[in-house]
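K.L.:
Shown below is the structure under consideration.
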Amino acid sequence: MSLDAAQFLADLDRLRQIGAYRTGVHRPTFGSEDMESRHWLAAAMEAAGLEARIDGIGNVLGRHRGPGPHVLAGSHIETQNQAGWLDGVLGVVAALALARAGLPVDVCAYADEEGHWGDFLGSRSLIGAVDEAELDAARNRHDGRPLREALREAGLAGRERLRLEPGRYRGAFELHIEQGTQLEQAGMRIGVVTGIVGIRQWRITITGQQDHTGGTTMAERRDAGLTTVRLLAALDQAMPMAAGPRSVWTTGRILLEPNAPQIIPGRAEITFSFRDLSPEIMDRMEDCLRRVVQESNRRERCPAVLEPIGHTAPSPCDPAMRAALRGAAEQLCPGAWTEMPSGAIHDSQILARVMPVAMLFVPSIGGISHHWAEDTKREDLALGMEVLFEGARRFLAR
């Protein structure tokens, strides 16, 4: 078995040309560029000796034709709009390189990890967690176009949706860019992922009284916008006392109604989320959120209602797979690797419901991702590929 690092880098460069945008890529799910990349991948899988199929939701699965034990490896191949050239694609091309090197690997590009049409549709479909009713209801998050229409235009309508074969895999590997600055700031070249954070997402609805900005005195006002500002400031002050060292919390969206300059806002809707690898820390953060909302309702004229809208549990990486990656990292870059959690979510988190998973990070220059300036040094890309290969080899040899 031998790894062809030059071919690995050449494949990354080839996919960078499909949907090229400035120094990045614009390749949204089921668009013409995305489908071109999927067909390119299926052909490359066949050339590598795999049995390749593109299924009815766009997953591209290349099955190893020989005996096991097998591992699964891959990531996603579509991009965010006007985004980077490595997010997701790195893991797919790395998985293809593993297969070319002779490891008993099934390679997969999981469809729509970036969520243009839904929540991890491809990987959830592969484990049987997507029904036809969900596909009927799915709409594009940007323009509201029905998913069924997009699947027809992409030539996927009527195709079978694949399911991962129970018992076939010892585990699933995923190589990915870090999408943060921790490796770069620490002078490290490899991150062995300890686990993928959980996310709890909430809708906070604040109800006031819409009114005229000139005729309504300050004493009379029930301003949902001002209550929103004070509530979020209180949350940002209180959360550090409940959070862990790597916890994060985000106000991702604020909607004011009617959102007009001469009208006092009568309603506000906030999307608020937090992430951590520890369920206990997330419980503390949830308690903090509830207390802050309760205190807001005691002080403010505009009541706030808290509603959970999403809950993803943390996914620890498999100890044996992590040990294999640690050993490979120490062999290939002694002293230049570290263990770390993944602050972003990935398809591996879905696969963890049915099999052991492990992830490996390479540094992101400046921490930039989901932007066309996203990049990683070529020597770090090659090193990540080598560590993944050696780690997977060690794990399969156990």
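So for the sequence shown, the working numbering puts the first residue at -16; every next one is plus one. Cβ coordinates follow ideal geometry from the N, Cα and C atoms, glycine included. Source: prediction; values computed, not measured.
1) Comparing alpha-carbon positions, which option in Met268, Val340, Glu269, Asp363 lies nearest Ala312?
2) Between which two residues does the alpha helix (DSSP H) carrying Val427 extend?
3) Can you give me the Cβ contacts of Arg273 inside the same chain, cut-off strictly under 8 Å, excluding the 5 residues immediately before and after it?
4) Gly170 by DSSP, collapsed to three states: which one?
5) At what residue ranges does the stretch 283 to 335 contain a whole run of the beta strand (DSSP E), taking only runs of 3 or more?
6) Between Gln63 and the rest of its own chain, which residues show a CB-CB distance below 6 Å, the 5 nearest in sequence each way excluded?
7) Jot down the residue ranges of each uninterrupted alpha helix (DSSP H) in the stretch 107 to 179, minimum 4 residues, whole runs only, in chain order.
8) Should Asp206 go down as buried or exposed, given a rule of 16 or more other Cβ atoms within 10 Å for buried?
9) Identify which residue in Gly227, Gly71, Gly57, Ala217 has its Cα closest to the Cα of Val340.
10) Going residue by residue through the stretch 354 to 378, where are the continuous beta strand (DSSP E) segments of at least 3 residues, counting only ones entirely within it?
11) According to the Cβ coordinates, are Leu214 and Val275 closer than 8 Å?
12) Beta-carbon within less than 6 Å of Gln245's beta-carbon, same chain only, minus the 5 sequence neighbours each way: which residues are those?
13) Check this for me: beta carbons of Leu86 and Ala375, under 8 Å apart or not?
14) Assuming Thr295 contacts Ile328 (C-beta within less than 8 Å), just tell me the rounded distance between them.
15) Since Trp320 and Arg172 should fall inside the 8 Å C-beta cutoff, what is the C-beta to C-beta distance between them, to a whole number of angstroms?
16) Measuring alpha carbon to alpha carbon, tell me which of Asp(-6), Val113, Glu252, Gly71 ends up nearest Glu357.
17) Could you give the residue range of the beta strand (DSSP E) that holds Ala341?
18) Who does Asp259 pair with in a DSSP beta bridge?
19) Considering only the alpha carbon of each residue, which of Asp(-6), Ala217, Glu115, Ile37 lies closest to Ser279?
20) Look up Leu238 in the DSSP assignment and say whether it is helix, strand or coil.
21) With DSSP collapsed to three states, give me the class of Leu44.
22) I'd like the list of long-range same chain contacts for Ala395, defined as Cβ closer than 8 Å, with 5 residues on each side in sequence excluded.
23) Using the beta-carbon count (16 or more within 10 Å), is Glu161 buried or exposed?
24) Is the number of C-beta pairs between the stretch -2 to 11 and the stretch 35 to 49 that are closer than 8 Å three or more?
25) Between which residues of its own chain and Met(-16) is the CB-CB distance below 6 Å, once the five residues before and five after are set aside?
26) Taking the beta strand (DSSP E) that Asp(-6) falls in, what are its first and last residues?
27) So is Val212 buried or exposed if we call it buried at 16+ other beta carbons inside 10 Å?
28) Specify whether the stretch 125 to 141 and the stretch 33 to 45 touch according to this definition: at least 3 beta carbon pairs, one from each stretch, less than 8 Å apart.
29) Report yes or no: do three or more beta-carbon pairs, one from the stretch 139 to 159 and one from the stretch 333 to 351, lie closer than 8 Å?
30) Out of Ala121, Leu81, Ala77, which one is the CA nearest neighbour of Asp95?
31) Given that a residue counts as buried once 16 or more other Cβ atoms are within 10 Å of its Cβ, and exposed if not, what is Pro291?
32) Buried or exposed: which applies to Glu148, given that a residue is buried once 16 or more other Cβ atoms fall within 10 Å of its Cβ?
33) Assuming the contact rule is C-beta atoms closer than 8 Å, Thr12 and Trp355 should be a hit. Round their C-beta distance to whole Å, please.
34) With H, G and I counted as helix, E and B as strand and the rest as coil, what does DSSP make of His195?
35) Rank Pro346, Ala221, Thr210, Thr234 by C-alpha distance to the C-alpha of Pro286 and give the top, closest one.
36) Between which residues of its own chain and Arg36 is the CB-CB distance below 7 Å, once the five residues before and five after are set aside?
P.N.:
Well, looking at it:
1) Locating residue 312 in the sequence shown gives position 329, counting from the first residue. Closest by C-alpha distance to Ala312, out of Met268, Val340, Glu269, Asp363, is Asp363.
2) One cannot answer for residue 427 here, as it falls past the ends of the chain, which runs -16 to 381.
3) Here residue 273 refers to the residue found at position 290 when the sequence shown is read from its first residue. Closer than 8 Å at Cβ, skipping near neighbours: Leu289.
4) Here residue 170 is taken as the residue at index 187 of the sequence shown, counted from 1. In this structure, DSSP gives Gly170 a state outside helix and strand, which the three-state scheme calls coil.
5) Complete beta strand (DSSP E) runs here, min 3: 287 to 295, 320 to 325.
6) Position 80 of the sequence shown, counted from the start, is the residue given in the question as residue 63. Beyond the five residues adjoining it in sequence on each side, Gln63 comes within less than 6 Å, by CB distance, of Glu97, His353 in the same chain, given in chain order.
7) Segments of the alpha helix (DSSP H) lying fully in the stretch 107 to 179: 115 to 120, 130 to 136, 165 to 169.
8) Locating residue 206 in the sequence shown gives position 223, counting from the first residue. That one is buried.
9) Residue mapping note: residue 340 aligns to position 357 of the sequence shown, counting from 1. In terms of Cα proximity to Val340, the closest of Gly227, Gly71, Gly57, Ala217 is Gly57.
10) Taking 3 residues as the minimum length, the stretch 354 to 378 contains no beta strand (DSSP E) run wholly inside it.
11) Counted from its first residue, the sequence shown places residue 214 at position 231. Counted from its first residue, the sequence shown places residue 275 at position 292. Going by C-beta atoms, Leu214 is nearer than 8 Å to Val275.
12) Here residue 245 corresponds to residue number 262 of the sequence shown, with the count starting at 1. Excluding positions up to five away in sequence, the list reads Thr196.
13) Translated into positions along the sequence shown, residue 86 becomes position 103. Translated into positions along the sequence shown, residue 375 becomes position 392. In contact: Leu86 and Ala375 (Cβ atoms closer than 8 Å).
14) As a first step, residue 295 is located in the sequence shown; it is residue number 312 there, counting from the start. As a first step, residue 328 is located in the sequence shown; it is residue number 345 there, counting from the start. Yes, they are in contact, since the Cβ atoms of Thr295 and Ile328 sit about 7 Å apart, within 8 Å.
15) Within the sequence shown, residue 320 is the residue found at index 337, counting from 1. Within the sequence shown, residue 172 is the residue found at index 189, counting from 1. About 7 Å; that satisfies the 8 Å criterion.
16) Residue mapping note: residue 357 aligns to position 374 of the sequence shown, counting from 1. Closest option to Glu357, Cα to Cα, is Gly71.
17) In the sequence shown, residue 341 corresponds to position 358, counting from 1. Segment 340 to 345, the beta strand (DSSP E) holding Ala341.
18) If you number the sequence shown from 1, residue 259 lands on position 276. According to DSSP, Asp259 bridges with Gly181.
19) As a first step, residue 279 is located in the sequence shown; it is residue number 296 there, counting from the start. The closest CA to that of Ser279, considering only Asp(-6), Ala217, Glu115, Ile37, is found on Ala217.
20) In the sequence shown, residue 238 corresponds to position 255, counting from 1. Here DSSP, grouped into helix, strand and coil, assigns Leu238 to strand.
21) Taking the first residue of the sequence shown as position 1, residue 44 is located at position 61. Correct three-state label for Leu44: strand.
22) Residue 395 lies beyond the stretch modelled for the chain, which goes from -16 to 381, so this question has no answer here.
23) Residue numbering aside, residue 161 sits at position 178 when the sequence shown is read from its first letter. Its Cβ being crowded by 16 or more others within 10 Å, Glu161 is buried.
24) Fewer than three Cβ pairs drawn from the stretch -2 to 11 and the stretch 35 to 49 lie within less than 8 Å of each other, which leaves the two stretches out of contact.
25) Along the sequence shown, one-based indexing puts residue -16 at 1. Excluding sequence neighbours, Met(-16) sits near Ala84, Gly85.
26) In the sequence shown, counting from the first residue as 1, residue -6 sits at position 11. It is not in any beta strand (DSSP E) - Asp(-6) instead sits in the alpha helix (DSSP H) that spans -12 to -1.
27) Locating residue 212 in the sequence shown gives position 229, counting from the first residue. It counts as exposed.
28) Segments in contact, yes.
29) Between the stretch 139 to 159 and the stretch 333 to 351, the count of Cβ pairs shorter than 8 Å is three or higher; the stretches touch.
30) Counted from its first residue, the sequence shown places residue 95 at position 112. Of the candidates Ala121, Leu81, Ala77, the one whose C-alpha sits nearest the C-alpha of Asp95 is Ala121.
31) In the sequence shown, the residue the question calls residue 291 occupies position 308. Exposed.
32) Within the sequence shown, numbered from 1, the residue matching residue 148 stands at position 165. Counting Cβ neighbours within 10 Å, Glu148 comes out exposed, since fewer than 16 surround it.
33) By one-based count along the sequence shown, residue 12 stands at place 29. By one-based count along the sequence shown, residue 355 stands at place 372. About 18 Å separates the two Cβ atoms, so there is no contact after all.
34) The residue you call residue 195 lines up with position 212 of the sequence shown. Here DSSP, grouped into helix, strand and coil, assigns His195 to strand.
35) As a first step, residue 286 is located in the sequence shown; it is residue number 303 there, counting from the start. The option with the nearest alpha carbon to Pro286 is Thr210.
36) Locating residue 36 in the sequence shown gives position 53, where the first residue counts as 1. If we look at Arg36 and ignore the five residues flanking it on each side, its Cβ neighbours are Leu44, Leu145.
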